[in-house]
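Colleague: Pasting a structure below so you can have a look.
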Amino acid sequence: MYIGELLCSGLARSVQSLLPWDIPWHDPSHVVFFVAFYGALGAIGMGTMVALGRTLLNLFKKDSSH
């Protein structure tokens, strides 16, 4: 068995899914990882929403050059 299998089996025992209510928050390493993970997902989602909003605003402007 190599190190990747060992790490994956250990992770499978401690985290069954990535949903917030399934994470053992008593382990500090889980807290740090998932705060960073969900923070990055939130930043990507917010950036996507801002880009979509600005695109729609520019699309529906009366003086649009398109």
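Under our numbering, think of the first position of the sequence shown as 8, with each following residue one higher.
All C-beta atoms in this analysis are idealised placements derived from N, C-alpha and C, irrespective of residue type, glycine included.
1. What distance in whole Å lies between the Cβ atoms of W32 and V38, which are believed to be in contact at a cut-off of 8 Å?
2. Whole angstroms is fine: what's the gap from L64's alpha carbon to A43's?
3. So, with DSSP's three-state summary, where would you put D70?
Modeller: From the atom records:
1. As a working note, residue 38 is residue 31 in the sequence shown. As a working note, residue 32 is residue 25 in the sequence shown. Confirmed, Cβ separation roughly 6 Å.
2. The residue you call residue 64 lines up with position 57 of the sequence shown. The residue you call residue 43 lines up with position 36 of the sequence shown. Those two C-alpha atoms are separated by around 31 Å.
3. The residue given as residue 70 occupies position 63 in the sequence shown. Note: D70 maps to coil in three-state DSSP.
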